[in-house]
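These notes are about the structure you will find just below.
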Amino acid sequence: MSAIMIDGKRVAAETRARAAEEAAQLIRRGVTPHLAVVLAGDNPASQTYVRNKERACHEAGFRSTILRLPADCTQAELEEAVLRLNADASVHGILVQLPLPAGLDAARVLALIDPDKDVDGFHAVNAGRLATGQPGFVPCTPLGVIALLDAYQIPIAGSRAVVIGRSNIVGKPMARLLLARDATVTMCHSGTRDLASVTREADILIAAVGRPGFVTPEMVKPGAAVIDVGISRTESGLAGDVAPQVAQVAGYLTPVPGGVGPMTVAMLLHNTLQAARRLAL
Ligand code: NAD
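Going by our numbering, the sequence shown runs without a break in its numbering and finishes at 268.
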């Protein structure tokens, strides 16, 4: 048996096309969805990510602003930039590109973003809303994973779901989203004993660890949907957390690249539209 490969590029393109249609409707009502990105320093990967976000915004008809600060900017200058964007009624979504240059406190800056403009969903208020089942912004990557499962009609309710990784950006919100959809969820992490015995129970297995080839075929239940969030740069290019041989056991598998990755920017557009609707209508 060979797994069905989940085509994240296709699902992301469809999501972005839908976002463009919804943006056009908002624009007809006098509201142009507007994402502002704060980019401090000159980290090459961050520059690329921000360029991709800007391009996605323009393709969907959104307005995009990039606030660039030098690598040696002060914490006060960075915080001032966020406060200015909070106060700007034309801005619906704000994100601060991470990682920040050394010496800057990311947690303090993220806490200053207006939770109703926090389209990355990293603010503690939005984490709390997700944990308590209230509407709010959900981090884009786990939201994209749910969109992929739905696009392939992989049943979530009643399934056994296992999430490997407990970060605030991926693992924890991923587990909460699956729980909200009535999966029976287990979270695994660096302290989990006998990981394979847990992961073999999973109908849906999400890997968000950041170690190439970490998930091997023996860890996977035959026919399971395996979602590979990991992205690591290796000598032979980008690699996910899931070993290629897992395709012989799994029922569904996301490739790296071309699986979860493209969904993250698509869901950022989705979140920015949600912000624009809430703030401007
Ligand atoms: P992180 O480093 O914050 O978290 C990694 C998690 O893996 C930790 O919670 C840790 O407990 C767990 N872990 C480490 N060793 C383990 C072990 N031996 N057994 C079980 N669990 C173990 O990373 P993150 O920010 O959550 O990102 C995870 C991966 O996802 C990275 O490769 C990152 O690049 C990728 N990522 C991809 C996207 C995307 O758009 N596709 C977005 C965000 C992150």
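All C-beta atoms, glycine included, are put in the ideal place defined by N, C-alpha and C.
With burial defined as no fewer than 16 other Cβ atoms inside 10 Å of the residue's Cβ, what is the status of residue i: buried or exposed?
i              : result
arginine 163   : buried
proline 269    : Here the chain covers residues -12 to 268 and nothing more, so residue 269 does not appear.
histidine 176  : exposed
asparagine 155 : exposed
proline 86     : exposed
glycine -5     : buried
isoleucine -9  : exposed
histidine 45   : exposed
Tell me whether residue i sits in a helix, a strand or coil according to DSSP, three-state version.
i             : result
aspartate 101 : coil
cysteine 44   : helix
threonine 203 : coil
arginine 55   : strand
alanine 226   : strand
alanine 14    : The question names alanine, but residue 14 in the sequence shown is isoleucine. The answer is helix: DSSP assigns isoleucine 14 an H, G or I state.
valine 106    : coil
arginine 95   : helix
valine 149    : strand
arginine 50   : strand
Considering only heavy atoms of the ligand NAD, does any lie closer than 7 Å to the CB of residue i?
i              : result
leucine 87     : no
alanine 195    : yes
valine 202     : no
proline 175    : A small fix is needed here, since residue 175 is cysteine in this sequence, not proline. Yes, the beta carbon of cysteine 175 sits closer than 7 Å to at least one heavy atom of the ligand NAD.
glycine 248    : yes
isoleucine -7  : no
isoleucine 156 : yes
isoleucine 151 : yes
Residue i lies in the beta strand (DSSP E); which residues open and close that run?
i              : result
isoleucine 332 : Lying outside -12 to 268, the shown extent of the chain, residue 332 is not represented and no answer is given.
histidine 21   : 21 to 27
arginine 220   : 219 to 221
glycine 248    : No beta strand (DSSP E) holds glycine 248; the alpha helix (DSSP H) holding it covers 248 to 267.
isoleucine 143 : Where isoleucine 143 is concerned, there is no enclosing beta strand (DSSP E), given that its DSSP letter is neither H nor E.
valine 236     : No beta strand (DSSP E) contains valine 236, which DSSP labels as neither H nor E.
threonine 171  : 171 to 175
Can you check whether the C-beta of residue i is within less than 8 Å of a C-beta belonging to chain B?
i            : result
glutamate 41 : Reference to chain B is not applicable here, since this structure consists of a single protein chain.
In terms of residues, what are the limits of the alpha helix (DSSP H) holding residue i?
i             : result
aspartate 137 : 127 to 138
valine 83     : Premise fails: valine 83 lies in the beta strand (DSSP E), 80 to 83, not in any alpha helix (DSSP H).
alanine 212   : Here alanine 212 belongs to no alpha helix (DSSP H); instead the beta strand (DSSP E) covers 212 to 215.
proline 160   : 158 to 167
glutamine 121 : Premise fails: glutamine 121 is in no alpha helix (DSSP H) and is neither H nor E.
arginine 187  : Unbroken run through arginine 187: none, as it is neither H nor E.
valine 69     : 62 to 74
Would the C-beta of residue i count as close to the ligand ATP, meaning under 7 Å from any of its heavy atoms?
i             : result
threonine 241 : Questions concerning the ligand ATP fall outside what the structure shown contains, since the ligands it does hold are the ligand NAD.
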